[in-house]
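A short write-up of the structure that comes next.
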Amino acid sequence: MSGVVRGTGVFPLPQVELPRPSLSRSRRLKQRASRAVAETKLTNNAIRALNQLHTNSTSKHMQPRHSSLQSLSSNTLRAVAQVQSCARRHVRCLAPSFSTDSSADDILLQDSNSDLFTANYATTTTSMPLEAKRVSLPADPGGVDLLSVLPPEVAARYATENQDLFTPVEDRIKPKSVCLVQSDSDYIAIVRRMHSLTFMTDPAVVNGVFATPKADNKQRLVVDARPANSVFVDAPPLEFPTPDLLSKLEARPDQTVFVAKNDLDNFYHRLRIPVWMQKYFSLPPVRASDISQALADEFGADTKCFPCCTTLPMGWSHSAYVAQMAHEHIIETSTSLARADRISKTLDFKLNRLRWMVYIDDFILFGPSDKISPTALRQLQIEYVQALTAVGLPPKPSKEVQPSADGVECVGIDFDGTALTAGLHPIKLHLLAGRTETFLRRGFCSGVEMSRLIGHWGWACMCRREAFSIFSAVYRFIEVADKKTFDIWPSVQRELRMAMDLAPMLFSSLDSTWFETTIATDASGTGQGVVAAECPHDDIQFMSQMRVPDFSKELDRTMHPTLTKARWRDIVAAPWRNPEHINVLELRVYLFTARRRARALACHSQRWLHFFDSQVSVSVSVKGGWSKLWK
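In C-alpha cells:
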C-alpha cells in the first residue's frame, strides 16, 4: 500500500498496489491474475470514493504523506480488507458472464461496452406506442370479482359510489392524458382483442393509453389514468415490502435460508371492478362499426363509443393498494400462512421461523433451514398455488422458483440464502454502471432522463441506505433541468462516478449480530449528551423489533426495569460551539457516535441500537440521506 493520507481515525484509506501480471502460459493462471487485477482496481475505486465522501463530511484538511504498512491502524487495515472482500465478491459474481479470455477491463464496471446497457436499462421505464401484434392480453380477463377477494372493510369502501372516494369538484384539476398508438388501425385491433371492455357514449372521464415493454418483445398495455386520478382521492397509505426490509432481515451465521417464489398471471386483468367504477376508466373513442356489427346495431354505425375498462386498470392510483390488499387477504384466509409471519415494516425482521411477503403480484417464502425443510417449504408453496388457482388467480408456471438457497431475485434484489446477503445482483449493477457511463460520455441529458437513472440507483441503494448520502447535486440537477437538456454538471458527474465506484459495496449481510452496548443521545440548544450501557442481548433484540407508535408504551411496560437497572455511563457532556437548528444538533450528536463506533473494532459488522427522542432524527438516520448535513 502506498500514498497513504494520514489523518485521525480510520480515514483516509490507502490505495492497494496492483498485483504483478502473470508471466505463465497457463490460461487458468492468466485468468486468475486478470481477476486479481480487476478486484484491485474495484477496491481502489471504492476506496477513492469513500475518501471523497469523508473529505466532504469533515472540515479537517489532511496532507498526504507516504507511510509504511506497519504504521497503519488496525481499523484502517480492517476497513481496506472489507472493501477488498466486497470487490472480490463482485468480481466472482460477474466472472461467469465472461469468457476465460476476458481481461480485467472486461470485468470492470467503468470500462464496459456502453452499447450493452442501453438496451437493458433504457427500456424498463420507457413508454412507447401500442402495436396490436405485440400487446400482451389475457384470454379470460375479469374472472374474479374484486370486491369478493378484498378484506370486508376495504370491500365496503369500494362497493358503492360514495363521496369519500372523490376529491371535491373545486379542487380537481384537468390533466392532459396521452394516447400512444402505432396507428388508428392498431388501436382498433387492440380494442377488438380486449374482451373485458364495455362501451358507453357518455363516460365520466376519458383517459389515455400507452405501452411499456415486456419480455419476449411483448408490450404491456397501461392506462394513462391521470384524468381519473384527479377525480379520486389519494389511495390509503400502504407500505410495500421494499428492498430495505430484506436488508433488515436477521439470520444466524450457521443458517441457510431457502427461498421460493411465485408470480400471479395477469393479476390486474383478472380482477373485475364494480360496475359503478367503469365509467371513470374509459379510453379514447372508436366508431361503433369499426368494432363489431353488434355494437353498430346497438349504438349506430357512425356513433363514437368509448371503450371502458371493466378490470383493474394499471395506472389508477388505487390499483396497487387494492391489489396488494386482495393478495394478502386471500393468503391469510385460504392458506395456513399466518399474518404474524408476514414481512412488513410493522413486524419483526427475524428469520427464526417461516416468513413470507407479498409485493402486489409477487409472492415469496423464506424458510430457514433449522426451522423448516425445503420439502416442507415446497408443500407450502404448492398450497399457495392451489389456493390462488381455486380463487381464479393462477400463478405463472414459467416464473415459479422452487425452494433454493443459491440466490433468488426478490423485488428486484438478489437474496442469497447461503451467503446470507441481499443486494442488487452484480450483473445488474454492471448494466446500471454501463448506462451511467453512457450518460457521462454523452455529457448532456434532461432532468427526466437523469431522474430515471437515479431511480435505478435509488433501488440499488435501498439495501445500503447510507449510500444515498452520495447524491445531492443530482437531485438539484433534476429539479433545475426538468424536461430541458443540460450539460451534466461536474458535481453531478462526480457523484455518479462515486456511485459507480461504490457499486460493489451495495449489499447487506443478514447474519450481523447486535452489539451489546446501547447508546442514547440527546441535544439542546446549549449542549449535547451521550450515554451508554451494557444490555442483555435478548433485550436489545426485543427493543429493536418495536415499532413506533407502540415503542414508548411497550418500553415503559416491558423494558423500563432493564433500562433503569443498567449502569449508564457518560460518554459526552459538552456545550455546542455554534448555535444551529435543534434537528441539526440532534443529528450532529448522532453522527459523532456513529463515527466513534466505526472506529471501534468490536463494533464492526454489528447492528447498533440507538435511542433518540427526536422523530426527525430517527427518520433522517433511517433514510440515510445525509449529504446536505455533511456539506
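With the first letter of the sequence shown counted as 1, position 581 gets the number 729 in this note's numbering; the numbers rise by one all the way through.
All C-beta atoms in this analysis are idealised placements derived from N, C-alpha and C, irrespective of residue type, glycine included.
Leaving aside the five residues before and after residue i along the sequence, list all residues of the same chain whose C-beta is less than 6 Å from its C-beta, in chain order.
i           : result
residue 626 : 595, 598 and 599
residue 277 : 328, 329 and 330
residue 482 : 535
residue 542 : 413
residue 522 : 406 and 551
residue 452 : 433
residue 234 : 652 and 653
residue 755 : 660 and 662
residue 438 : 336
residue 479 : 485
residue 401 : 659
Looking at residue j and residue i, is the spacing between their C-beta atoms short of 7 Å?
i           : j           : result
residue 220 : residue 188 : no
residue 763 : residue 722 : no
residue 298 : residue 474 : yes
residue 487 : residue 504 : no
residue 669 : residue 732 : no
residue 292 : residue 747 : no
residue 192 : residue 164 : yes
residue 782 : residue 683 : Outside the shown range of the chain (149 to 779) lies residue 782, about which nothing can therefore be said.
residue 367 : residue 237 : no
residue 720 : residue 678 : yes
residue 421 : residue 472 : no
residue 308 : residue 426 : no
residue 279 : residue 334 : yes
residue 497 : residue 397 : yes
residue 348 : residue 454 : yes
residue 183 : residue 231 : no
residue 295 : residue 303 : yes
What distance in whole Å lies between the Cβ atoms of residue j and residue i, which are believed to be in contact at a cut-off of 8 Å?
i           : j           : result
residue 591 : residue 635 : 6 Å
residue 611 : residue 575 : Actually they are not in contact, since the Cβ atoms of residue 611 and residue 575 sit about 16 Å apart, beyond 8 Å.
residue 410 : residue 514 : Contact flag wrong, Cβ pair sits at about 13 Å.
residue 588 : residue 654 : Their Cβ separation, rounded to whole angstroms, is 19 Å, which puts residue 588 and residue 654 out of contact at 8 Å.
residue 552 : residue 407 : 6 Å
residue 445 : residue 435 : Actually they do not touch by this definition, with Cβ atoms about 14 Å apart.
residue 605 : residue 757 : At roughly 29 Å, the Cβ-Cβ gap does not stay under 8 Å, so residue 605 and residue 757 are not in contact.
residue 602 : residue 201 : Actually they do not touch by this definition, with Cβ atoms about 17 Å apart.
residue 730 : residue 671 : 7 Å
residue 673 : residue 727 : 7 Å
residue 222 : residue 749 : 6 Å
residue 470 : residue 306 : 7 Å
residue 391 : residue 607 : 7 Å
residue 743 : residue 751 : With 8 Å as the limit, residue 743 and residue 751 do not qualify as a contact, their Cβ atoms being about 11 Å apart.
Quick check: is the beta carbon of residue i nearer than 7 Å to any beta carbon in chain D?
i           : result
residue 474 : Although the question refers to chain D, the structure presented lacks it and comprises just one protein chain.
Return the chain-ordered list of same chain residues with a C-beta closer than 7 Å to the C-beta of residue i, the five sequence neighbours on each side being excluded.
i           : result
residue 501 : 489 and 519
residue 768 : 735
residue 476 : 506
residue 326 : 356, 358 and 372
residue 172 : 178
Give me, in chain order, the residues of the same chain whose beta-carbon lies closer than 8 Å to that of residue i; leave out the 5 immediate sequence neighbours on both sides.
i           : result
residue 440 : 340
residue 169 : 181 and 185
residue 759 : 666, 667, 668 and 669
residue 464 : 371, 373, 376, 377, 380 and 429
residue 492 : 387, 389, 393 and 505
residue 484 : 528 and 531
residue 242 : 255, 574, 575 and 578
residue 564 : 553, 554, 555 and 570
residue 632 : 594 and 595
residue 399 : 405, 499, 516, 568, 658 and 659
residue 717 : 679, 680 and 681
Should residue i be counted as a contact of the ligand ZN given a C-beta to heavy atom distance under 6 Å?
i           : result
residue 674 : The model depicted lacks the ligand ZN and carries no ligand whatsoever.
Exercise for review: Identify every run of the beta strand (DSSP E) within the stretch 548 to 581, keeping only runs that are complete inside it and at least 3 residues long; order them along the chain.
Suggested key: 549 to 552, 556 to 558, 561 to 564 and 569 to 571
Check your understanding: Counting Cβ pairs closer than 8 Å, one from the stretch 454 to 469 and one from the stretch 411 to 430, do we hit at least three?
Key -> yes
Check your understanding: Does the stretch 557 to 572 touch the stretch 649 to 658, meaning 3 or more C-beta pairs lie closer than 8 Å?
Key -> yes
Point to revise | the stretch 190 to 203 / the stretch 168 to 178 touching (three or more Cβ pairs under 8 Å) | key: no
Check your understanding: Is the stretch 342 to 358 touching the stretch 417 to 432 in the sense that three or more CB pairs, one from each, lie closer than 8 Å?
Key -> yes
Review point. Three or more beta-carbon pairs under 8 Å between the stretch 307 to 321 and the stretch 380 to 396, yes or no?
Key: yes
**Study point:** beta strand (DSSP E) runs wholly inside the stretch 391 to 437, at least 3 long, in chain order
**Key:** 405 to 411
Check your understanding: What residue ranges within the stretch 588 to 665 form continuous beta strand (DSSP E) runs of no fewer than 3 residues, ordered along the chain?
Key -> 592 to 594, 633 to 635 and 655 to 657
Exercise for review: Please go through the stretch 479 to 548 and give each complete beta strand (DSSP E) segment of 3 or more residues, from N-terminal end onward.
Suggested key: 503 to 507 and 510 to 516
Exercise for review: Tell me the start and end of each unbroken alpha helix (DSSP H) in the stretch 310 to 357 that is at least 4 residues and wholly inside, in chain order.
Suggested key: If only complete runs of 4 or more residues are kept, the stretch 310 to 357 shows the alpha helix (DSSP H) at 332 to 341, in order along the chain.
Review point. Which full runs of the alpha helix (DSSP H) of 4+ residues lie inside the stretch 435 to 477, going along the chain?
Key: 436 to 439 and 441 to 447
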